[in-house]
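Peer 1:
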Amino acid sequence: MADIERQPHIAFTPDNVNRREFLQGTSAIAGAFGLSLTEWARAEERRQESRKDARPVKCAFIGVGDQGYGTDFKAALTVPGVEMVAVCDIYKPYLDRAQKDVPGAKVYTDYREVMDRKDIEAVLIATPLYMHAPITIAALQSGKHVFCEKMMAHNISDAKKMARASISNKRVLQIGHQRRANIMYNHAWELLHEKKVCGQITHVRAQWNRNGNWRKAPLPGMDDRHRNWRMYREYSHGLMSELGTHQIHAVNWFLGSAPIAVVGMGGIDYWKDGREVFDNVEVIFEYPGGVKLNYTSITTNQYDGYYEQYMGKDGTLLISEEKETPSSYFREPTAPVEDWMKQSATAQKGKHNESGLKLDPEATKKIKPGTKVGEKTLMTASSGKTSYQLEMEDFFAAIRTGSPVTCDWKEALGCCAAAVKANEAMDKKTRIEITPDMVSL
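In this text, residue positions in the sequence shown follow the working numbering: the first is 835, and each later residue adds one.
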């Protein structure tokens, strides 16, 4: 963030370390905080076991457009044992591009033909939102495991149908909210819940700001409603579904609950280009115990980018996947001074200091209006893999061993209900309750 004084820190990058050095580094960071990194460590152990016994899993990928191909498709191909035997999309140039990576795969333009193949064990789906439910349900009913991109479905009813299909057919269903696989987010979770660095959380602020019309350039042979499906309510819930649900998922995880009510304002106030979804949203979610999440997403100014900021009586924890917004902790002047705050930055220059961790309470020693006290920059590295790759490893590990997925239907349903009801609150300009029956079967 532009208004926060920071000293340079050295990034811990996968290019200059091996796996052993990485694990040593994470142990040092966890030790500095007195953390165990239990959840992420257990997930990594499951991934390692799956890598060792990487039996082949034949799968199909449906929807190899910009997001599907560039992120999920590429990530899936890095997982040991994955055999991509089928690729499906309605746009031939996308199929041709994907087939160059998997020349032995058969291509399809109708997803229903994929379901007829008995040799396919898993289906990965990265289609426009409105097609998530029909394709997922068809795949589950045909006996296939499913990874489906976020948001879970276009409406709450369809999301529940997806969950029931997974349960009744005893097949894995994972939704693509990848922050659960991110080690930095796991560090932050333990800081809040084990070390309680913020004390009691009372407020959360989150935003995803961009400067641009969100419109993609035309493609030959593709009409605008298919190319820019995010702009139309028939296919999408706009900013709340395509950006907001990522951050709602993280907040729900950290607070241990889905929201119970929402109010908000939105509008099509700048980009008068025929879109049907809001070009700016400002919503407030209420959580149990009175905690409020103030969520903003705009398309006319990119200042501060995107992050989630947890605010409690003793401190503030800011978390972001954006490199320009380092994840940091700030102690309140009235909070107890922890042991790590007593250690000077110069005393911490050891082998593991090049891990992206900054312990520098002296940087903001003087307490005055606007000063951030006790800054600590969290680890920003991964194990040499992106969170997209790790969530894919979790999916295939679940297929092979029955281990938990990164984001199950329960978590995804809570995000879906929140986004749908946020848009309803903005449309109706009123407070909307998110009742327990909306986030459960």
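Even glycine gets a Cβ: it sits at the ideal position worked out from N, Cα and C.
Between which two residues does the alpha helix (DSSP H) carrying G1101 extend?
Peer 2: The residue labelled residue 1101 in the question sits at position 267 within the sequence shown. That residue, G1101, is in no alpha helix (DSSP H); its beta strand (DSSP E) goes 1095-1101.
Peer 1: Quick one: does A1022 have its CB under 8 Å from some CB of chain D?
Peer 2: Absent here is chain D; the protein component of the structure consists of one chain.
Peer 1: So, at 7 Å on beta carbons, what are the nonlocal neighbours of L1152 in its own chain, with the 5 sequence-adjacent residues on each side left out?
Peer 2: Taking the sequence shown and counting its residues from 1, one reaches residue 1152 at position 318. Hits under 7 Å: Y1141, Q1143, S1161, S1162.
Peer 1: Taking DSSP as the reference, what is the three-state secondary structure of A939?
Peer 2: As a first step, residue 939 is located in the sequence shown; it is residue number 105 there, counting from the start. Three-state DSSP puts A939 in coil, outside helix and strand.
Peer 1: Which runs of the alpha helix (DSSP H), 4 residues or longer, sit entirely within the stretch 863-929?
Peer 2: 872-886, 908-911
Peer 1: Return the CA-CA distance between H1011 and P1170, expressed in angstroms with no decimal places.
Peer 2: The residue given as residue 1011 occupies position 177 in the sequence shown. The residue given as residue 1170 occupies position 336 in the sequence shown. Straight-line Cα distance between these residues: approximately 35 Å.
Peer 1: Check this for me: beta carbons of M918 and A939, under 8 Å apart or not?
Peer 2: If you number the sequence shown from 1, residue 918 lands on position 84. If you number the sequence shown from 1, residue 939 lands on position 105. In contact: M918 and A939 (Cβ atoms closer than 8 Å).
Peer 1: Could you name each continuous alpha helix (DSSP H) segment of 4 residues or more that falls completely within the stretch 989-1046, going from the start of the chain to the end?
Peer 2: Correct list: 990-1002, 1017-1027.
Peer 1: To the nearest angstrom, how far is it from the Cα of P937 to the Cα of C893?
Peer 2: Stepping through the sequence shown from its first residue, residue 937 is reached at position 103. Stepping through the sequence shown from its first residue, residue 893 is reached at position 59. The alpha-carbon of P937 is positioned some 14 Å away from that of C893.
Peer 1: What separation, rounded to the nearest whole angstrom, lies between the Cα atoms of L1025 and R1059?
Peer 2: Numbered from its first residue, the sequence shown carries residue 1025 at position 191. Numbered from its first residue, the sequence shown carries residue 1059 at position 225. Each residue's Cα considered, the two are about 44 Å apart.
Peer 1: Report yes if the CB atom of A1092 is closer than 8 Å to the CB atom of G1248, and no otherwise.
Peer 2: Numbered from 1 along the sequence shown, position 258 holds the residue referred to as residue 1092. Numbered from 1 along the sequence shown, position 414 holds the residue referred to as residue 1248. Yes.
Peer 1: If you reduce the DSSP assignment to three classes, tell me which class R1165 lands in.
Peer 2: As a first step, residue 1165 must be located in the sequence shown, where it is residue number 331. It is a strand residue.
Peer 1: For R1061 and P1238, I'd like the C-alpha separation in whole angstroms.
Peer 2: Here residue 1061 corresponds to residue number 227 of the sequence shown, with the count starting at 1. Here residue 1238 corresponds to residue number 404 of the sequence shown, with the count starting at 1. Distance from the CA of R1061 to the CA of P1238, rounded to the nearest whole angstrom, comes to 35 Å.
Peer 1: Go ahead and label A1051 buried or exposed: buried means 16 or more other beta carbons lie within 10 angstroms of its beta carbon, across all protein chains shown.
Peer 2: Here the question's residue 1051 lines up with position 217 in the sequence shown. Result: exposed.
Peer 1: Nearest CA to the CA of E1116: which residue from V1006, A1253, F1088?
Peer 2: Taking the first residue of the sequence shown as position 1, residue 1116 is located at position 282. If we check each option's Cα against that of E1116, A1253 comes out closest.
Peer 1: What number of angstroms, rounded off, separates the C-alpha of E1258 from the C-alpha of H1037?
Peer 2: Within the sequence shown, the letter at position 424 stands for residue 1258. Within the sequence shown, the letter at position 203 stands for residue 1037. Approximately 23 Å between the Cα atoms of the pair.
Peer 1: So, helix, strand or coil for H1071, using DSSP?
Peer 2: Taking the sequence shown and counting its residues from 1, the one referred to as residue 1071 is at position 237. In the structure shown, H1071 sits in coil (DSSP, three-state: anything other than H, G, I, E or B).
Peer 1: Do I1001 and E983 have their C-beta atoms within less than 8 Å of each other?
Peer 2: Position 167 of the sequence shown, counted from the first residue, corresponds to residue 1001. Position 149 of the sequence shown, counted from the first residue, corresponds to residue 983. No; because the gap between Cβ atoms is not below 8 Å, this pair is not in contact.
Peer 1: What's the gap between the Cα of T912 and the Cα of Y942?
Peer 2: Locating residue 912 in the sequence shown gives position 78, where the first residue counts as 1. Locating residue 942 in the sequence shown gives position 108, where the first residue counts as 1. Distance between the alpha carbons of T912 and Y942 is about 22 Å.
Peer 1: In terms of residue numbering, what span does the alpha helix (DSSP H) encompassing M1145 cover?
Peer 2: Counted from its first residue, the sequence shown places residue 1145 at position 311. First-last for M1145: 1140-1146, but that is the beta strand (DSSP E), not the alpha helix (DSSP H).
Peer 1: Specify, as a first and last residue, the run of the alpha helix (DSSP H) that L963 falls within.
Peer 2: Taking the sequence shown and counting its residues from 1, the one referred to as residue 963 is at position 129. First-last for L963: undefined, no H or E at that position.
Peer 1: Could you tell me which residues DSSP pairs with K1126 in its beta bridges?
Peer 2: For the purposes of this step, residue 1126 is taken as the residue at position 292 of the sequence shown. K1126 is bridged by DSSP to H1037, E1120.
Peer 1: Taking only three categories from DSSP, how would you classify T1235?
Peer 2: One-based indexing of the sequence shown puts residue 1235 at position 401. Here T1235 sits in helix by DSSP.
Peer 1: When the distance is taken between beta carbons, is G1033 closer than 8 Å to G1149?
Peer 2: Counting from one through the sequence shown, the residue named residue 1149 turns up at place 315. Counting from one through the sequence shown, the residue named residue 1033 turns up at place 199. Going by C-beta atoms, G1149 is nearer than 8 Å to G1033.
Peer 1: Can the beta-carbon of Q1008 be found closer than 8 Å to that of W1042?
Peer 2: On the sequence shown, residue 1008 is found 174 positions in, with the first residue counted as 1. On the sequence shown, residue 1042 is found 208 positions in, with the first residue counted as 1. No.
Peer 1: DSSP has G1149 in a bridge; who is on the other side?
Peer 2: On the sequence shown, residue 1149 is found 315 positions in, with the first residue counted as 1. According to DSSP, which records beta bridges pairwise, G1149 is partnered with R1165.
Peer 1: Looking only at its chain, what residues have a beta carbon closer than 6 Å to the beta carbon of R1005, apart from the 5 residues adjacent to it on each side?
Peer 2: To locate residue 1005, count along the sequence shown from 1; it is residue 171. Result list for R1005: L974, H979, in chain order.
Peer 1: Compare the Cα-Cα distances from A920 to each of D900, T970, V948, D944 and report the closest residue.
Peer 2: As a position in the sequence shown, residue 920 is number 86, starting the count at 1. When only C-alpha atoms are compared, the closest one is V948.
Peer 1: By the three-class DSSP mapping on this structure, what secondary structure does I1132 have?
Peer 2: Within the sequence shown, the letter at position 298 stands for residue 1132. DSSP places I1132 in strand when its eight states are reduced to three.
Peer 1: Taking the alpha carbon of K1147 as the reference point, which residue from C1250, E1225, K1030 has its own alpha carbon closest?
Peer 2: Sequence index remark: in the sequence shown, residue 1147 carries index 313 (1-based). K1147 has its Cα closest to that of K1030, out of C1250, E1225, K1030.
Peer 1: Bridge partners for C1241 per DSSP, in chain order?
Peer 2: By 1-based counting over the sequence shown, the position of residue 1241 is 407. Answer is none; C1241 lacks a bridge partner.
Peer 1: Given D950, which residues of its chain have a CB within under 8 Å of its CB, disregarding the five upstream and five downstream residues?
Peer 2: Within the sequence shown, residue 950 is the residue found at index 116, counting from 1. Around D950: S976.
Peer 1: M1056 by DSSP, collapsed to three states: which one?
Peer 2: For the purposes of this step, residue 1056 is taken as residue 222 along the sequence shown, with counting starting at 1. Residue state, collapsed to three classes: strand.
Peer 1: Between the beta-carbon of V1096 and the beta-carbon of I1118, is there less than 8 Å?
Peer 2: Within the sequence shown, the letter at position 262 stands for residue 1096. Within the sequence shown, the letter at position 284 stands for residue 1118. Against a cut-off of 8 Å, the Cβ pair of I1118 and V1096 comes out as a contact.
Peer 1: Looking only at its chain, what residues have a beta carbon closer than 8 Å to the beta carbon of I954, apart from the 5 residues adjacent to it on each side?
Peer 2: As a working note, residue 954 is residue 120 in the sequence shown. If we look at I954 and ignore the five residues flanking it on each side, its Cβ neighbours are K892, C893, A894, V919, A920, V948, K978.
Peer 1: If N1128 sits next to R1013, beta carbons under 8 Å apart, how far is it from one beta carbon to the other, in whole angstroms?
Peer 2: For the purposes of this step, residue 1128 is identified with residue 294 of the sequence shown, where counting begins at 1. For the purposes of this step, residue 1013 is identified with residue 179 of the sequence shown, where counting begins at 1. Actually they are not in contact, since the Cβ atoms of N1128 and R1013 sit about 19 Å apart, beyond 8 Å.
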